[in-house]
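J.:
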Amino acid sequence: QVQLQQSGAELVKPGSSVKMSCKASGYTFTSYYIYWIKQRPGQGLEWIGRIGPGSGDTNYNEKFKGKATFTVDKSSSTAYMQLSSLTPEDTAVYYCARGPATRGWFAYWGQGTLVTVSS
Amino acid sequence: DIQMTQSPASLSASLEEIVTITCQASQNIGNWLAWYQQKPGKSPQLLIYGTTSLADGVPSRFSGSRSGTQYSLKISRLQVEDIGIYYCQQASSTPWTFGGGTKLELK
Chain A
4 QVQLQQSGAE LVKPGSSVKM SCKASGYTFT SYYIYWIKQR PGQGLEWIGR IGPGSGDTNY
64 NEKFKGKATF TVDKSSSTAY MQLSSLTPED TAVYYCARGP ATRGWFAYWG QGTLVTVSS
Chain B
458 DIQMTQSPAS LSASLEEIVT ITCQASQNIG NWLAWYQQKP GKSPQLLIYG TTSLADGVPS
518 RFSGSRSGTQ YSLKISRLQV EDIGIYYCQQ ASSTPWTFGG GTKLELK
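Residue numbers (the working numbering), protein chains in the order written: chain A, 4 to 122; chain B, 458 to 564.
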């Protein structure tokens with residue numbers, strides 16, 4: 004069955020960076036894009052962007068350009084998102100989700116990674 | 458960016474009641490609309506895609522419809538397990554955007 008397993012919670016200091024992972028299993032990793040979605044505590048969902056594991060193609064929400072960087076390791080079917088220059092506003096749960104290369108929706112989600120930015 | 462205005466923000470309903478949640482798109486998105494349910498501490502779960510198609514394993518009491526740029530999610534007979542927060546999502550153009558959410562509670 005399709006699974007997206009995300010890395011554990013992180014407590015990081017303002018101004019630092021964090022890199023989280025999303026390990027895919029149960030399907031051909033390069034056949035679908037990996038999307039990243041932000042959810043601040045008690046808030047709604049924000050589309051950060053996506054990466055195509057096969058092509059390395061990336062698309063970022065303008066709001067997150069310079070903040071988020073997507074990479075993949077095809078050998079381990081793992082996608083990564085690095086967030087830089089962290090501020091308290093980056094405190095959130097970050098989800099990875101599997102989605103299409105074009106337009107569509109998310110039938111499969113990771114369990115989320117909580118990032119807490121605090122000194 | 459396309460704005461998705463979801464209403465109501467919160468809703469209290471009784472068991473077996475009919476519940477309707479709406480999303481108004483700021484521009485034409487065709488049928489590129491999905492609905493998700495999220496329970497506390499859990500990831501969102503896809504309910505409806507392509508405006509009207511039911512995702513795998515989703516009970517038939519859930520349905521989706523469209524009138525112009527207004528989209529609706531209907532729960533025909535509310536059950537206890539339907540309690541949670543509901544989000545719409547447009548996939549017509551990037552960045553894909555979500556509605557602000559509707560918190561559904563039991564009366």
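For each residue, glycine too, the CB sits at the ideal point set by N, CA and C.
Report the rounded CA-to-CA distance for phenylalanine 519 (chain B) versus lysine 22 (chain A), giving the unit in angstroms.
T.: 38 angstroms
J.: Pop quiz: leucine 490 (chain B) and threonine 479 (chain B) are said to be a contact at Cβ under 8 angstroms. What is the actual Cβ separation, rounded to whole angstroms?
T.: Rounded, the Cβ-Cβ distance is 11 angstroms, inconsistent with contact.
J.: Should tyrosine 98 (chain A) be flagged as near chain B, meaning a C-beta pair shorter than 7 angstroms?
T.: yes
J.: To the nearest angstrom, how far is it from the Cα of proline 516 (chain B) to the Cα of serine 88 (chain A)?
T.: 44 angstroms
J.: Report the rounded CA-to-CA distance for valine 15 (chain A) versus glycine 514 (chain B), giving the unit in angstroms.
T.: Taking the straight line joining both Cα atoms gives about 38 angstroms.
J.: Just to check my reading of the structure: threonine 94 (chain A) and valine 120 (chain A) have Cβ atoms closer than 8 angstroms, yes? What is that Cβ distance to the nearest angstrom?
T.: With 8 angstroms as the limit, threonine 94 (chain A) and valine 120 (chain A) qualify as a contact, their Cβ atoms being about 5 angstroms apart.
J.: Is the shortest distance between the beta-carbon of tryptophan 39 (chain A) and the beta-carbons of chain B less than 7 angstroms?
T.: no
J.: Does the beta carbon of tyrosine 543 (chain B) come closer than 7 angstroms to any beta carbon on chain A?
T.: Answer no: the Cβ-Cβ gap between tyrosine 543 (chain B) and chain A never drops below 7 angstroms.
J.: Counting only the same chain and skipping the five closest in sequence on each side, list residues whose C-beta sits under 6 angstroms from that of glycine 477 (chain B).
T.: At residue 477 (chain B) the sequence reads threonine, which differs from the glycine that was named. Closer than 6 angstroms at Cβ, skipping near neighbours: Ser529, Lys531.
J.: Quick one: residues in its chain with C-beta nearer than 6 angstroms to the C-beta of glycine 102 (chain A), no 5 flanking neighbours on either side, listed in chain order?
T.: Tyr36, Tyr38, Phe109
J.: Answer with yes or no whether the minimum CB distance from alanine 548 (chain B) to chain A is below 7 angstroms.
T.: yes
J.: What do you get for lysine 68 (chain A), buried or exposed, if any count of 16 or more other CB atoms within 10 angstroms of its CB means buried?
T.: exposed
J.: Relative to the alpha-carbon of lysine 77 (chain A), which residue among A:Gln6, A:Ser28, A:Val5, A:Ser19 has its alpha-carbon at the smallest distance?
T.: A:Ser28
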